[in-house]
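Quick notes on the structure that follows.
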Amino acid sequence: MFNYLLLYSINQLQVQRSTASIYHILTGRRSAQTIQDAHFFQITPLYSIYPQLKREDFEKEIKKQISNKYLSVKGEGMVTLTPLGMKYLEDQKSKKLDHLFQGMAYVKRIPIFIDRLFLVIQTFSNLSVENNQFQPISEDLKVQRWVKSYFYNIKDYQVWLTDVYHHLTKFLSKIDPLQAEIFVDRLTGYRRYGLTLHQIAAKHQITIHDAHLLLNACYHQLVDYILINQIDMLTYFLPNKRDGVEKFVTHSASKTYEMLQNGYSIEQIMSYRKLKQSTIEDHIVELTYAIPNFDISNFIESNQLNVIINKIQAISDTRLSNIKQQLDNQYSYFQIRLAMAKARLS
Numbered sequence: 149m150f151n152y153l154l155l156y157s158i159n160q161l162q163v164q165r166s167t168a169s170i171y172h173i174l175t176g177r178r179s180a181q182t183i184q185d186a187h188f189f190q191i192t193p194l195y196s197i198y199p200q201l202k203r204e205d206f207e208k209e210i211k212k213q214i215s216n217k218y219l220s221v222k223g224e225g226m227v228t229l230t231p232l233g234m235k236y237l238e239d240q241k242s243k244k245l246d247h248l249f250q251g252m253a254y255v256k257r258i259p260i261f262i263d264r265l266f267l268v269i270q271t272f273s274n275l276s277v278e279n280n281q282f283q284p285i286s287e288d289l290k291v292q293r294w295v296k297s298y299f300y301n302i303k304d305y306q307v308w309l310t311d312v313y314h315h316l317t318k319f320l321s322k323i324d325p326l327q328a329e330i331f332v333d334r335l336t337g338y339r340r341y342g343l344t345l346h347q348i349a350a351k352h353q354i355t356i357h358d359a360h361l362l363l364n365a366c367y368h369q370l371v372d373y374i375l376i377n378q379i380d381m382l383t384y385f386l387p388n389k390r391d392g393v394e395k396f397v398t399h400s401a402s403k404t405y406e407m408l409q410n411g412y413s414i415e416q417i418m419s420y421r422k423l424k425q426s427t428i429e430d431h432i433v434e435l436t437y438a439i440p441n442f443d444i445s446n447f448i449e450s451n452q453l454n455v456i457i458n459k460i461q462a463i464s465d466t467r468l469s470n471i472k473q474q475l476d477n478q479y480s481y482f483q484i485r486l487a488m489a490k491a492r493l494s
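Start counting at 1 in the sequence shown, then tack on 148, and there's your number in my numbering.
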């Protein structure tokens, strides 16, 4: 799985970003550039699907794919797929591995959801046999407090466990058997502790990278399943989305969004927040990607927007300097980036 997603991501970049951009997307770097790249190159589902990935391990995998003749070097930090690499992608395409994730949509929700669910399963498994002495699998105090407040509202732990078992069994029967088995391997109950990722990799003879991704894919599909089938008892475990900004943006950009909604101009936000103009512009571009109906009319006129979008589509190039040059330097980089965001969303 990791090999496919790595090559797929590189192919999406069209040799217009370095491999570092892929690393930041997969690990979920919270920077405006990374979020914008994920949107523009249409790989938001892969955003933050592997936050545990170390840079040195990522670089090793890149070198490995170069050695395997799947990638060729095109410059400093730039690679492209070889015909052999493209054939590998095509052969794996039917598996639709990139469709298993909803990275940016779930980036803030899945870790909390899984921590809550797994700790409740462990807690109720023990309490149902009147065992009050066990080591919680989550050390997160916020998660522990949430679970404590939750279990006070449950009258019969065994009934709850039976209901959850029914829902999870039905879900697991619909996904890849290996993913289902790995999911069960991770569960902790009474006198049964879930396996570590390294233990799972050894048990199933897969790489640690694939162990991480297969498990995460399972989590993403589970949340999809819960929401689609409106399973209230499990939907309750999902943290609420923030009001206003529905899709993922950086914390700083969300602050800018609130001020824009309250009528502040770029100059006023700069003064109030003691930030550079370029930083506020980064936020506005980020918001344009994240919120489809975000109003940018205060920053670019509709006729200007159309001219830039038409030029971008005509030259099929996303490098800002090239676009600016093709437009005879009549538009700012900020205006071009706004147009790029709207062009990608349309």
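Glycine included, every Cβ here is placed at the ideal spot set by N, Cα and C. Bear in mind that the values here come from a model prediction, so they are computed numbers and not experimental data.
Notebook entry, point to check: With burial defined as no fewer than 16 other Cβ atoms inside 10 Å of the residue's Cβ, what is the status of SER464: buried or exposed?
Noted result: By the 10 Å Cβ count, SER464 comes out exposed.
Next item on the list: Express the C-alpha separation of ALA180 and THR398 in angstroms, rounding to a whole number.
Entry: Cα to Cα, the separation comes out at about 7 Å.
Check: If MET488 and ILE460 are in contact, beta carbons under 8 Å, what's the gap, nearest whole angstrom?
Finding: 6 Å between Cβ atoms; contact.
Note to self: For the pair the region 195-203 and the region 214-225, tell me if three or more CB-CB distances fall below 8 Å.
What the structure shows: Not touching, per the Cβ criterion.
Next item on the list: Look at the Cβ atom of LEU161, then the Cβ atom of GLY251, and state whether they are nearer than 7 Å.
Entry: Not a contact, by the Cβ cut-off of 7 Å.
Check: When you compare only the Cα positions, how much space is there between ALA401 and LYS256?
Finding: The alpha-carbon atoms of ALA401 and LYS256 are separated by roughly 16 Å.
Next item on the list: Please report how far the alpha carbon of GLN409 lies from the alpha carbon of ASP246, in whole angstroms.
Entry: Each residue's alpha carbon lies about 35 Å from the other.
Checklist line | Distance between LEU320 and SER297 (C-alpha atoms, nearest Å) | finding: Roughly 28 Å separates the two Cα atoms.
Notebook entry, point to check: Which ranges does the alpha helix (DSSP H) cover as unbroken runs of at least 4 residues, wholly within the region 433-487, from first to last along the chain?
Noted result: Segments of the alpha helix (DSSP H) lying fully in the region 433-487: 450-463 and 468-474.
Checklist line | 8 Å contact criterion, which ILE439 and LYS490 should meet: CB distance rounded | finding: Here ILE439 is actually not in contact with LYS490; their C-beta atoms are around 11 Å apart, not less than 8 Å.
Check: Do you know offhand how far THR336's Cα is from SER413's?
Finding: Whole-angstrom Cα-Cα distance: 52 Å.
Note to self: If contacts are defined as beta-carbon pairs under 8 Å, then GLN240 and SER276 qualify, I think. What distance do you get, rounded to the angstrom?
What the structure shows: Actually they are not in contact, since the Cβ atoms of GLN240 and SER276 sit about 43 Å apart, beyond 8 Å.
Next item on the list: Give me the Cα-Cα distance between LYS212 and GLN283, rounded to the nearest whole angstrom.
Entry: If you draw a straight line from the Cα of LYS212 to the Cα of GLN283, it is about 40 Å long.
Next item on the list: Under 7 Å Cβ to Cβ from LEU370, same chain only, skipping five residues before and after it: list those, please.
Entry: Excluding positions up to five away in sequence, the list reads PHE319.
Next item on the list: Take TRP308 as the anchor and find which of ILE170, THR436 and ASP380 has the nearest alpha-carbon.
Entry: Distances from the alpha-carbon of TRP308 to those of ILE170, THR436 and ASP380 put ASP380 closest.
Notebook entry, point to check: Using the C-alpha atoms, what's the distance from LEU237 back to GLU224?
Noted result: Each residue's Cα considered, the two are about 24 Å apart.
Notebook entry, point to check: Excluding the five sequence neighbours on either side, which residues of its own chain have a C-beta within less than 6 Å of the C-beta of PHE189, listed in chain order?
Noted result: Exclusion of the five residues before and after PHE189 leaves GLN160 and LEU161 as the residues of its chain whose Cβ lies within less than 6 Å of its Cβ.
Checklist line | Close-in-space but distant-in-sequence residues of the same chain around ARG492 (CB under 8 Å, 5 per side omitted) | finding: For ARG492, where only same-chain residues beyond five positions count, the Cβ hits under 8 Å are HIS187, PHE188, GLN190 and TYR437.
Note to self: Going by DSSP in three states, LEU363 sits in which element: helix, strand or coil?
What the structure shows: Assignment of LEU363 by DSSP, reduced to helix, strand and coil, places it in the helix class.
Next item on the list: Can you give me the start and stop residues for the alpha helix (DSSP H) that LYS222 sits inside?
Entry: Looking at the DSSP string, LYS222 is not in any alpha helix (DSSP H); the run it does join, the beta strand (DSSP E), is 219-223.
Note to self: Could you tell me the alpha carbon to alpha carbon distance between ASN477 and THR175, rounded to whole angstroms?
What the structure shows: In this structure, the straight-line span from the alpha carbon of ASN477 to that of THR175 is close to 35 Å.
Margin query: So, with DSSP's three-state summary, where would you put THR271?
Written below: Secondary structure at THR271: helix, using DSSP grouped into helix, strand and coil.
Checklist line | Spatial distance of SER480 from GLN416 (CA atoms) | finding: Between SER480 and GLN416, the C-alpha separation is close to 20 Å.
Item checked: Boundaries of the alpha helix (DSSP H) in which THR317 is found, first to last residue -> Here the alpha helix (DSSP H) through THR317 covers 305-320.
Next item on the list: Spell out the partners DSSP gives GLY337 in its beta bridges.
Entry: The partner list for GLY337 (beta bridge, DSSP) reads ARG340.
Next item on the list: Over the uninterrupted alpha helix (DSSP H) stretch that includes MET381, give me the two end residues.
Entry: Boundaries of the alpha helix (DSSP H) harbouring MET381: 380-383, taken from the DSSP string.
Next item on the list: Would you kindly check if the distance between the Cβ of ALA359 and the Cβ of LEU248 is under 7 Å?
Entry: Between LEU248 and ALA359, the CB-CB gap reaches or exceeds 7 Å.
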